[in-house]
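S.K.: Using full-length UniProt numbering, read the sequence shown as starting at 1 and increasing by one per residue.
We put the CB at the ideal spot given by N, CA and C, even for glycine.
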Amino acid sequence: MPLTPVMPVKGLRYLVLALSFVLLMSITYISTDTFSTTLKSYHETYKSYRFSSQPNIKQVTSFLDSLVIYPKTENLKYEQTDFVVQYAGDSSGLSTTIVEDEYKNHTLSIFMSEIQSDDCKAINVKENIGINNYLTLPDNLAEMAQILQDQLDNEDAFKHIAPFFENKIPNMIAARNVSKHFFKFVGTSVWLKEYGVHLMVSRVLFSRRGIKWDPQISLMYAQVYNEDWQELHNVKLKIPNRNGGGPQTMKFPSFLRVPFNYDSSRTARRWYGPEDGRILLIQNEYGVEEPVLIFNSHTRMLETTGGETEEVFYRSIFMGWVFQEQIGKANVDGEEDIRFDNTRYIKVRQLQIIGEERNQIEKNWTPFVDVSERDKFDRNLYIVYDWHNLQILKCDLYNLTSDRFSNCERVYNAGTPHSKIGVIRGGTELIPLSSVRETGNQLWIGFVRTHINRCGCGSSMYRPHLVILQRAGHNYRVTHMSSSISFDIPGLGAGRTAGLCGKRDPNILIANGISNWELDENTGSDYLTLTLSTGDEYNTLVHIKDLGKMIERLDLDVAYEEENTSMRGCVVSAAFDFCKAFGIEMDELGLTQAAMDRAEKEKQAKEKEAKQKEAKEKEAKEKPKTPKYT
1 MPLTPVMPVK
11 GLRYLVLALS
21 FVLLMSITYI
31 STDTFSTTLK
41 SYHETYKSYR
51 FSSQPNIKQV
61 TSFLDSLVIY
71 PKTENLKYEQ
81 TDFVVQYAGD
91 SSGLSTTIVE
101 DEYKNHTLSI
111 FMSEIQSDDC
121 KAINVKENIG
131 INNYLTLPDN
141 LAEMAQILQD
151 QLDNEDAFKH
161 IAPFFENKIP
171 NMIAARNVSK
181 HFFKFVGTSV
191 WLKEYGVHLM
201 VSRVLFSRRG
211 IKWDPQISLM
221 YAQVYNEDWQ
231 ELHNVKLKIP
241 NRNGGGPQTM
251 KFPSFLRVPF
261 NYDSSRTARR
271 WYGPEDGRIL
281 LIQNEYGVEE
291 PVLIFNSHTR
301 MLETTGGETE
311 EVFYRSIFMG
321 WVFQEQIGKA
331 NVDGEEDIRF
341 DNTRYIKVRQ
351 LQIIGEERNQ
361 IEKNWTPFVD
371 VSERDKFDRN
381 LYIVYDWHNL
391 QILKCDLYNL
401 TSDRFSNCER
411 VYNAGTPHSK
421 IGVIRGGTEL
431 IPLSSVRETG
441 NQLWIGFVRT
451 HINRCGCGSS
461 MYRPHLVILQ
471 RAGHNYRVTH
481 MSSSISFDIP
491 GLGAGRTAGL
501 CGKRDPNILI
511 ANGISNWELD
521 ENTGSDYLTL
531 TLSTGDEYNT
541 LVHIKDLGKM
551 IERLDLDVAY
561 EEENTSMRGC
571 VVSAAFDFCK
581 AFGIEMDELG
591 LTQAAMDRAE
601 KEKQAKEKEA
611 KQKEAKEKEA
621 KEKPKTPKYT
């Protein structure tokens, strides 16, 4: 019997093959029970569907309910235990909800590199973009912890890390204190047009003591959302198996099987697991877009010196193919380990710079793809290695000659590599402007961040900055970079102290990834979805309107010259000014630690004064009156 929606819906989104009926709406849950007719919608409330002969609707509550989504291009295979659907919508991740949202002007202060000047005003322009009201994505940490426990119990890739959690997760869930030990942030996402979902990967920290800055392990948690950013639960994506055989299945939400080196008995001053993930799309050798995850992780290597072999530990940059697999994890442990010989992980390679001595710590790499070099597929991944003195790497995506490494070479050096991490650091991946606008220049845009110490708000401040990177032949330069951008999102402290500018806390608003950037053909406006982290605690979204239009108004046709240093100096100076002004404003609003301390002292002083006054009045009343004699 056909399913009939209670209320009208827009467009055919999925073709449902199970039970030979068609659903006219995107779905989150479909029950595996043949007789259950309830569909849990993307929204927090239920949208009711029913058989025409059955008016009663039952809520879907079982974790056993499952929806399997096939990509558009794959042949379908019926599965008895699940409802199978194939995405039948268009490739756009730009929904009507996003286009019709309300946008307000937001002014950017942008510095240009075309003029070498010590006067920052001479190289500064003000431009407007549109932003909507930001959205903080809701978290269900108890559900996340339950999913982790299930993977610890049942998946080989997770069983060996169970000692980190000391069998305490069930008690944490029962006591409802999961949020004291698990911290989820740094969400980065891409739109998977073959499936009609946003894939978001977030970093999850676990701390036994409940102290965020003293974690024992870091993991990557993957979720999928519809085009309106409503999470889909208990969804399986069918991933084509490029090595032959049937398609693989990936379930969401779940923790990614990222291989990393660890020793659960040695946790002091060790930060195990993948950190600071950045996800982006590449085009693989089959001409299909595929998500790749760039992250840094603690790794172990065996090095031989003078005939003796010793273990050496590094924090290295890795590239992970989320939809591909490897067996074992010798490439992160430095040697084979029979415990993991048959364990499946996502495929990873460590990025190494050819001919250079390995640094002890590598972080803050900014990935991008040059689509002009794409010959059916992407052979290379490019990396901005250093924003202080612009350094560009080219790393192998396809021609991998090792099971352990992807070789990288420096293809551009603006100067001597910076020995220390500069104030301007990596943020999001870079996206080509040609994604939304026709341009005669090779341009990429992204959002870097500044890390400013002791500038007037807390111990330090992190804020995003728009950056435009240009390529001319073999040369690269940063043409424009903005001052700090707030997006009208309140930056939060890391939680050590009270207030937004606690003395021991950094104040944090960091752009993590560009989820989608598309042009609306009907209106001519472009819309970019940016994911950010606030206070190393929340995943936040903001939609930006007409960023591409704004970039077109900038002077991008200036003849290539070596990048000048005045622009970078002006950006850093403006970031200091932004931080100072923010600290003053928050203090005046009474939201800083200093303001709270003053308010508390004033409160205590008033209470003391009131008590003293009360005591004097009481004493005066109790004091015997002197008799009068006449």
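1) Measure the CB-CB distance between Ser254 and Tyr221 and report whether it falls below 9 Å.
2) Pick helix, strand or coil for Ile361, following the three-state DSSP scheme.
3) Quick one: measure Cβ to Cβ for Met319 and Val292, integer angstroms, because I've assumed they're closer than 8 Å.
4) In terms of residues, what are the limits of the beta strand (DSSP E) holding Leu351?
5) For Val224, does the three-state DSSP call read helix, strand or coil?
6) Should Asn128 and Met596 be called a contact, given that it needs their Cβ atoms to be closer than 9 Å?
7) Would you mind listing the alpha helix (DSSP H) stretches within the stretch 96-145 that are 4+ residues and don't spill past its ends, in chain order?
8) If you run the structure through DSSP and keep just helix, strand and coil, what is Lys613?
9) Sort Leu500, His543, Ala511 by Cα distance to Leu591 and report the nearest one.
10) Are the beta-carbon atoms belonging to Asp520 and Leu547 less than 9 Å from one another?
11) How far does the alpha helix (DSSP H) with Asp377 in it reach, from first residue to last?
12) Apply the 10 Å Cβ neighbour rule to Pro624 and answer buried if 16 or more other Cβ atoms are within range, or exposed otherwise.
13) Please classify Pro170 as buried or exposed, where buried requires at least 16 other C-beta atoms within 10 Å of its C-beta.
14) At a cut of 8 Å, does the stretch 361-380 reach the stretch 279-296 through at least three beta carbon pairs?
15) For His474, count the other beta carbons within 10 Å of its own beta carbon; 16 or more makes it buried, fewer makes it exposed. Which is it?
16) Does the separation of the CB atoms of Phe165 and Phe206 fall below 9 Å?
17) Quick check on DSSP: helix, strand or coil for Pro71?
18) Specify whether the stretch 454-472 and the stretch 304-319 touch according to this definition: at least 3 beta carbon pairs, one from each stretch, less than 8 Å apart.
19) Per the DSSP calculation, Cys455 is bridged to which residue(s)?
20) Under the assumption that Gly491 contacts Asn507 (Cβ atoms under 8 Å), give the Cβ distance between them as a whole number of angstroms.
21) What is the residue span of the alpha helix (DSSP H) that Ala575 lies within?
22) Given a threshold of 16 other Cβ atoms within 10 Å of its Cβ, counted over all protein chains shown, does Ala615 qualify as buried or as exposed?
23) With Gln391 and Tyr385 assumed to form a contact (beta carbons below 8 Å), what rounded beta-carbon distance in angstroms separates them?
24) Candidates Leu108, Asn124, Ser109, Thr107: which alpha carbon is nearest Ile115's?
25) Could you check if Gln86 is buried or exposed, using at least 16 other CB atoms within 10 Å of its CB as the buried criterion?
26) Quick one: what's got a C-beta closer than 7 Å to Arg425's C-beta in the same chain, skipping five residues either side?
27) Name the two residues that bound the continuous alpha helix (DSSP H) containing Arg278.
28) Would you give the residue range spanned by the beta strand (DSSP E) that Ala162 belongs to?
29) Assuming Gly458 contacts Gly502 under a Cβ cut-off of 8 Å, what Cβ separation, rounded to an integer in Å, is found between them?
30) Tell me the DSSP secondary structure of Ser402 in three-state form.
31) Nearest by alpha-carbon distance to Glu438: which of Leu556, Glu409, Cys455 is it?
32) Spatial neighbours of residue 718 within its chain, please: CB distance less than 7 Å, with the 5 preceding and 5 following residues excluded, ordered by chain position.
33) Considering only residues of the same chain and omitting the five flanking positions on each side of Ser265, which have a CB-CB separation below 8 Å?
34) Quick one: Cα of Arg300 to Cα of Arg463, how far?
35) For His543 and Tyr134, I'd like the C-alpha separation in whole angstroms.
36) What did DSSP end up calling Ser62 once you bin it into helix, strand or coil?
M.R.: Judging by the given coordinates:
1) Yes, the pair counts as a contact, with Cβ atoms nearer than the cut-off.
2) In the three-state reduction of the DSSP assignment, Ile361 falls in the strand class, which pools E and B.
3) That belief holds up - the Cβ atoms of Met319 and Val292 are roughly 6 Å apart, short of 8 Å.
4) For Leu351, the uninterrupted beta strand (DSSP E) segment begins and ends at 344-353.
5) Correct three-state label for Val224: strand.
6) No, Cβ-Cβ distance for Asn128 and Met596 is not below 9 Å.
7) 96-99, all fully within the stretch 96-145.
8) Helix at Lys613.
9) When C-alpha distances from Leu591 are compared across Leu500, His543, Ala511, the shortest belongs to Leu500.
10) In this structure, Leu547 does not lie closer than 9 Å to Asp520 by Cβ.
11) Checking the displayed sequence, the identity of residue 377 turns out to be Phe instead of Asp. Here Phe377 belongs to no alpha helix (DSSP H), and DSSP marks it neither H nor E.
12) When all chains shown are included, Pro624 counts as exposed.
13) Label assigned to Pro170: exposed.
14) Three or more beta-carbon pairs drawn from the stretch 361-380 and the stretch 279-296 are found closer than 8 Å, and the two stretches are therefore classed as touching.
15) Exposed, since its Cβ has fewer than 16 Cβ neighbours within 10 Å.
16) It is a contact, given that the beta carbons lie within the stated cut-off.
17) Shown here, Pro71 sits in coil according to DSSP, grouped into three states, outside any helix or strand.
18) With the cut-off at 8 Å, the stretch 454-472 and the stretch 304-319 do not touch.
19) Its beta-bridge partners do not exist; DSSP assigns none.
20) Contact between Gly491 and Asn507 holds, since their C-beta atoms are separated by about 5 Å, short of 8 Å.
21) Ala575 -> alpha helix (DSSP H) spans 566-588.
22) With fewer than 16 Cβ atoms within 10 Å of its Cβ, Ala615 is classed as exposed.
23) Between Tyr385 and Gln391 the Cβ distance is about 4 Å, and since that is below 8 Å, they are a contact.
24) Taking each of Leu108, Asn124, Ser109, Thr107 in turn and checking the Cα distance to Ile115, the smallest one comes out for Asn124.
25) Gln86 is classed as buried because its beta carbon has at least 16 other beta carbons within 10 Å across all chains shown.
26) Once the five neighbours on either side are set aside, the close Cβ partners of Arg425 are Asn364, Trp387, Val448, Arg449, His451.
27) Where Arg278 is concerned, there is no enclosing alpha helix (DSSP H), although the beta strand (DSSP E) it sits in stretches over 274-283.
28) It is not in any beta strand (DSSP E) - Ala162 carries neither H nor E in the DSSP assignment.
29) For Gly458 against Gly502, the beta-carbon gap comes to about 6 Å, under 8 Å, which counts as contact.
30) Annotated three-state conformation of Ser402 is coil, per DSSP.
31) That would be Leu556, whose Cα lies nearest to the Cα of Glu438.
32) Residue 718 is absent from the structure shown; the chain starts at 1 and stops at 630.
33) Excluding positions up to five away in sequence, the list reads Pro163.
34) One C-alpha to the other measures close to 33 Å.
35) C-alpha of His543 to C-alpha of Tyr134: approximately 7 Å in a straight line.
36) Its pLDDT being 30, under 50, Ser62 is placed unreliably by the model, and the measurement read from it follows with that caveat. Looking at Ser62 - three-state DSSP - the assignment turns out to be coil, as it is neither helix nor strand.
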